[in-house]
Structure formats: C-alpha cells, structure tokens
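Asks:
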Amino acid sequence: MTNFIITTSVLLFTHFLTEAACGVAILCSADTPVPVGSESPAIKPSPRNVVFILADDHRHDALGFMGHQFAETPHLDTIAKNGVHLKNAFVTTSLCSPSRASILTGQYTFRHRVIDNNRLVPEGTRFFPQDLQDAGYATGFVGKWHMGGHHDNPRPGFDYWVSFRGQGHYYPPHPGYTMNVNGKRVPQDGYITTLLTRYAIDFLEEQRDRDQPFFLYLSHKAVHANFQPEAKYDQKFSSKPFQRPVGEELVQGNTQNLPRWLLDQRNSWHGVDFPYHSQLDIEQYYKRYCEALCSVDDSVGAVLDQLKKMGIHDETLVIYMGDNGFMFGEHGLIDKRVAYETSIRVPLLMQCPELLPAGAVVDDMVANIDIAPVILEAMGLPKPDSMDGQSFLTLAQGKASTWRDYFLYVYYWEKNFPHSPTVFSLRSNQFKYTTYYGLWDTDEFFDLQADPMERNNLIRAPEHQSRIRVMENRLYQMMSDLGGMEIPLNQPSRGSQNKRLRVRNGDRAADFPDDFVVDEPLNDGAR
861 MTNFIITTSV
871 LLFTHFLTEA
881 ACGVAILCSA
891 DTPVPVGSES
901 PAIKPSPRNV
911 VFILADDHRH
921 DALGFMGHQF
931 AETPHLDTIA
941 KNGVHLKNAF
951 VTTSLCSPSR
961 ASILTGQYTF
971 RHRVIDNNRL
981 VPEGTRFFPQ
991 DLQDAGYATG
1001 FVGKWHMGGH
1011 HDNPRPGFDY
1021 WVSFRGQGHY
1031 YPPHPGYTMN
1041 VNGKRVPQDG
1051 YITTLLTRYA
1061 IDFLEEQRDR
1071 DQPFFLYLSH
1081 KAVHANFQPE
1091 AKYDQKFSSK
1101 PFQRPVGEEL
1111 VQGNTQNLPR
1121 WLLDQRNSWH
1131 GVDFPYHSQL
1141 DIEQYYKRYC
1151 EALCSVDDSV
1161 GAVLDQLKKM
1171 GIHDETLVIY
1181 MGDNGFMFGE
1191 HGLIDKRVAY
1201 ETSIRVPLLM
1211 QCPELLPAGA
1221 VVDDMVANID
1231 IAPVILEAMG
1241 LPKPDSMDGQ
1251 SFLTLAQGKA
1261 STWRDYFLYV
1271 YYWEKNFPHS
1281 PTVFSLRSNQ
1291 FKYTTYYGLW
1301 DTDEFFDLQA
1311 DPMERNNLIR
1321 APEHQSRIRV
1331 MENRLYQMMS
1341 DLGGMEIPLN
1351 QPSRGSQNKR
1361 LRVRNGDRAA
1371 DFPDDFVVDE
1381 PLNDGAR
C-alpha cells in the first residue's frame, strides 16, 4: 500500500488558455487544457494513504530555503530538497473559509458559496473525503475547520474528528476552554500547534498494521493573526535585522496610475498607517509570525518522524501548503483578500521518494481547487464532474503533461471589512489583469516578469491595450462559463471595521486616478 502526505496552503485555478500573437487569444474550456509536450501515462491507481497538512496565512516566501531574511523552516526545507517545490501555487480566494471550502470541494468560491468567513456551508455540499469514505478509507480531521457557524461538531466525511470553534486560540483563554474530540468536550491543555500535532500522531498510530487505507487532514490554526509564538520560540527573531517590504512607501506623492481605494486604505483597518485600528509595529508583527511558524515546521517534522517509525516514509507523498498569503506592508497593506502576489501566492511542497524526483521545481501555476483532484488521483479514485480543479500529480513527477496558462481569482466585498473591494483577476505566466467591481476606480495590469513586485500599473500603456482587452474578455467569459456572473451576498454578522485615522501623510483622501481627470468638457451638452 502506497502512502501520501499533503501539507498545503490554498491554490488558484482558471480556464486553460493559450495566447496567440498580436494579443489574439484562443479560449479553451477547463476540460480542454493546453498541450505541453506529449501525453504521459497517468499514475497507476492503487490504494494510498494520504496526509494533508494545511497551514494558515503562510505566504509563499516565508521559508528558509527561499532565502527569507530570518524565517527558519528546516523540515520544510528538507521536503524541498528531497521532493518537489511548486513555486507558482495560488488560491482562488485569499481568505480562510472560502479557500478551505475550495480545497474540500475542488470548486471556485462562487460555486461552493462559502464567500466569506461567516457563511455556513450550504446543505448538500459534498466534500471529497466523503468519496474516500465511500471507497472504504479511514478519514481523520485535526485542527481548524472555520467554515461558517460557531460550533465545532464533526462534519461529513470524517471518522476521526478534533476541532475547535472559529479561529480557536493559541493558548487556552481560560481554564474551562475545551475542544471537540470525536464529539466530546476535552480541555485544550497546551499550545495549539503542538496539541494538534499530538492528535494527528494519535490518529496515525491507530492506523498502524491496519490494511485499511487512511486519509489525514491536519489543519493548523497557525500562523493566523494575532500571532502568538510557542513559549520556546517567543522573541527568537526579535533582534534580527529587518528589511521593510518593497512597496510600503506608496504615499500621495507617488500615486500615478494607482487605484484610489488602495491609497485610501493605508489609514484603515488593513493599512500600514492604521493597522487593525492600532499602532501596531509591523517589524515585530512579522517576526512574531515567523516565530509562530517555527512550531508548524516542528509539526511537519514530527509527522515525518512518525511515518518513519511506521515504516511508510518513503512511500508517502508529502505536500505542504498555506491556505492563503499575507501582506506585511506590500502596497501599503496588511492581511490578504486582494489579488496582489503576496496575498494570493502560497508555498506548496511535495515529497515521495518512491514517486517523485528530488530537488525538482515546477513553474506551472497550480491552485487550491486542484488539491482534491490530486488526492483522489493519488488514492486511485476518479475526479467528480462537479470539481473545477485538475490533478497536477504528473507535473510533480516531471512528466510531460497538459496544463493551464491562466487562472481566475475572485474576492467579494463584505460590510464587516468595507475597505477591500470586490476583486476579479486573471493571471497568466507573465501578465495579470485586475478589475475592481462596483467602484469608480482604475483597473490594474502588471507585467509580472518585468515587475514581480507589481509596482508599475500598465493599465494605460498603449502597447498593452490589445492584450488588456483580451484578458478582460477572457475573465468575463470564464466567469460566465463557470456560473460566476451573479454576485453572492451575505448579511454581515458583526460591526463593521470601518474607522479611518484622520491624518495619513496629509489631511485628505486620495485623489482620483489621472485617467479620470480631464481639462475640458468632452461633450457640447447632455446626451
């Protein structure tokens, strides 16, 4: 019996598209990928164990092997050395609940309808672990569920269940605080990352010497804000040198072609001038994030050690990923939600010595909606027609395959956090087009090869107008084909985080973008 572990953040998916010369494009359906070399034989279906590890808010570059300025992730670095790094992994919506629902359903946000962190999972929603149960697999969930509602009862698809309400807590907030362990209230008796790891290893130990294949989903609370490191890592990086993020310096004197909403958000809840309506120190905040990440890395190491003890390490596929990215000042913002790279891009690592090459890097764009198809293929099961994603297992194996050239990103405005607009974005290997729906504002277009930090908005560049029109048309065609043309709404669940600091590098809001300002009338009269 072959075994797989998958540790993941969230990924992104779009239609498969090919761009022809002179800005003319051929639009393919999601079931008609662009050929990349010759077809390679699919992996032979066979019963496989899978462990899927999800980290919260783990941005794509917060890894030791990526040359981060102070983050230390030795166990994740080992996976990259012994396995595959999918360097262009994305999420289709950069927010906890929508991303997690996309992982479990293989669908875009507008299809599974979990559009924010408050929406309940609609009745009748099917998660892929239910398919695993139907096939006779043992299934376990350990950690943060966080898909609507305030209860932590066992959800469909899992035989073994350990979870907590909402975001949970790094340390128990009071002596009587409890978690749900297989339907029973059990005290949280320590640091949450370490405790969840212990329950995950307990589940693995229960599978020892059983013939029945198993699937374990280990879903960490860390490294979600507000970051609280484990005691042994607290202040570990406090004295390390810190280089502020590129793009934080955007101010009113440097606003050419930038959206007005972006400039206005600097002194709001998710802006660097008034983060969380406080005087938060971004440097210390980022360092505590990386300190909390140390325990997640320890968790990965503990799971790998357990597999070695069980004699199944080399035949197990290990994949690590985050559920979305996180900004620490890039574009003058903190948090996620928007379509900039540091918000939507996540780490994705895979290891399986019997199946995958060591030290390989995959450049193709993959997404969170691809995770369910990957696991189903690895466990020898077919992908349901209801899923939007595709398995990227052959990409990880280094085989010639067919894959996407573009992916789609969506985020829906919510009254609780009114400063982030509805976002629709289309990203190719080189370009990204983003439109802000329902706003009187400018769109954005970036050449990601020439400008990877997305600092030069080319939306008005004459040489790109044809390509921009093509990408805009593709975006709306994809939305139409996938059933995403209706804007889902949700009633807010609590007060709006709508305050703004009065003074922000001046005493007024942002000016309108230049492309909205003219020096003379455009018409002779009303028309």
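First residue of the sequence shown? That's 861 in the numbering used here, and the numbers climb one at a time after it.
Beta carbons are placed, not taken as given, at the ideal position from N, Cα and C, and that holds for glycine.
Computed from a predicted structure; not experimentally measured.
1) Along the chain, where does the beta strand (DSSP E) that runs through Y1077 open and close?
2) Under a Cβ-count criterion, where at least 16 other Cβ atoms within 10 Å of its own Cβ denotes burial, should A1218 be classed as buried or exposed?
3) Under 8 Å between the Cβ atoms of V1222 and V981?
4) So for G1192, helix, strand or coil by DSSP?
5) So, for G1113: in the same chain, excluding its five sequence neighbours on each side, which residues have a beta-carbon less than 7 Å away from its beta-carbon?
6) Which of helix, strand or coil does DSSP assign to N1333?
7) Buried or exposed: where does A1310 fall if 16 or more other Cβ atoms within 10 Å of its Cβ makes it buried?
8) Just list the alpha helix (DSSP H) runs in the stretch 1057-1141, keeping only unbroken ones of 4 residues or longer that don't cross its boundaries, in chain order.
9) Quick check on the DSSP output: the alpha helix (DSSP H) that includes D1223 runs from which residue to which?
10) Label R1197 either buried or exposed according to how many other C-beta atoms from any shown protein chain fall within 10 Å of its C-beta, with 16 as the threshold for buried.
11) So for Y1051, helix, strand or coil by DSSP?
12) How should D1375 be labelled, buried or exposed, when 16 other C-beta atoms within 10 angstroms of its C-beta is the threshold for buried?
13) Rounded to whole angstroms, what is the Cα-Cα separation between L964 and Q1211?
14) Which word fits G1355, buried or exposed, when buried means at least 16 other C-beta atoms lie within 10 angstroms of its C-beta?
15) Taking 8 Å as the cut-off, decide whether the C-beta atoms of M1187 and D1174 are in contact.
16) Helix, strand or coil: which one does DSSP assign to S1285?
17) Suppose contacts are defined by Cβ-Cβ distances below 8 Å. Is G1107 in contact with R1320 by that definition?
18) Give every residue of the same chain whose Cβ lies closer than 6 Å to the Cβ of N1289, excluding the five residues on either side of it in the sequence, and list them in chain order.
19) Please determine if the stretch 1059-1068 and the stretch 994-1003 are in contact, where contact requires at least 3 C-beta pairs separated by less than 8 Å.
20) So who's on the other strand from Y1296, going by DSSP bridges?
21) Which residue comes first and which comes last in the alpha helix (DSSP H) that contains Q1211?
Replies: Based on what the coordinates show:
1) Residue mapping note: residue 1077 aligns to position 217 of the sequence shown, counting from 1. Counting along the chain, the beta strand (DSSP E) containing Y1077 begins and ends at 1074-1079.
2) Working through the sequence shown from its first residue, we reach residue 1218 at position 358. By the C-beta density criterion, A1218 is exposed, having fewer than 16 other C-beta atoms within 10 angstroms.
3) One-based indexing of the sequence shown puts residue 1222 at position 362. One-based indexing of the sequence shown puts residue 981 at position 121. The answer is no: Cβ separation not under 8 Å.
4) In the sequence shown, residue 1192 corresponds to position 332, counting from 1. G1192: helix per DSSP, three-state reduction.
5) Your numbering for residue 1113 matches position 253 in the sequence shown. Summary for G1113: the model assigns pLDDT 49, below 50, so the residue's position carries little reliability, and this model does not support an answer.
6) Working through the sequence shown from its first residue, we reach residue 1333 at position 473. Residue state, collapsed to three classes: helix.
7) Taking the first residue of the sequence shown as 1, we reach residue 1310 at position 450. With fewer than 16 Cβ atoms within 10 Å of its Cβ, A1310 is classed as exposed.
8) Runs of the alpha helix (DSSP H) inside the stretch 1057-1141: 1120-1124.
9) If you number the sequence shown from 1, residue 1223 lands on position 363. Going by DSSP, D1223 is part of no alpha helix (DSSP H) but of the beta strand (DSSP E) stretching over 1220-1227.
10) The residue you call residue 1197 lines up with position 337 of the sequence shown. Result: buried.
11) Numbered from 1 along the sequence shown, position 191 holds the residue referred to as residue 1051. Y1051 falls in the coil class under three-state DSSP.
12) Here residue 1375 refers to the residue found at position 515 when the sequence shown is read from its first residue. Under this definition D1375 is an exposed residue.
13) As a working mapping, residue 964 is identified with position 104 in the sequence shown. As a working mapping, residue 1211 is identified with position 351 in the sequence shown. One C-alpha to the other measures close to 21 Å.
14) By one-based count along the sequence shown, residue 1355 stands at place 495. By the 10 Å Cβ count, G1355 comes out exposed.
15) The residue you call residue 1187 lines up with position 327 of the sequence shown. The residue you call residue 1174 lines up with position 314 of the sequence shown. Not a contact, by the Cβ cut-off of 8 Å.
16) By 1-based counting over the sequence shown, the position of residue 1285 is 425. DSSP places S1285 in strand when its eight states are reduced to three.
17) As a first step, residue 1107 must be located in the sequence shown, where it is residue number 247. As a first step, residue 1320 must be located in the sequence shown, where it is residue number 460. No, the pair does not count as a contact, with Cβ atoms beyond the cut-off.
18) Within the sequence shown, numbered from 1, the residue matching residue 1289 stands at position 429. Counting only Cβ-Cβ distances below 6 Å, and skipping sequence neighbours, we find nothing.
19) Because the criterion of three Cβ pairs below 8 Å is met, the stretch 1059-1068 and the stretch 994-1003 touch.
20) One-based indexing of the sequence shown puts residue 1296 at position 436. In DSSP, Y1296 forms a bridge with V1283.
21) Along the sequence shown, one-based indexing puts residue 1211 at 351. Note, Q1211: premise wrong, no alpha helix (DSSP H); beta strand (DSSP E) at 1208-1211.
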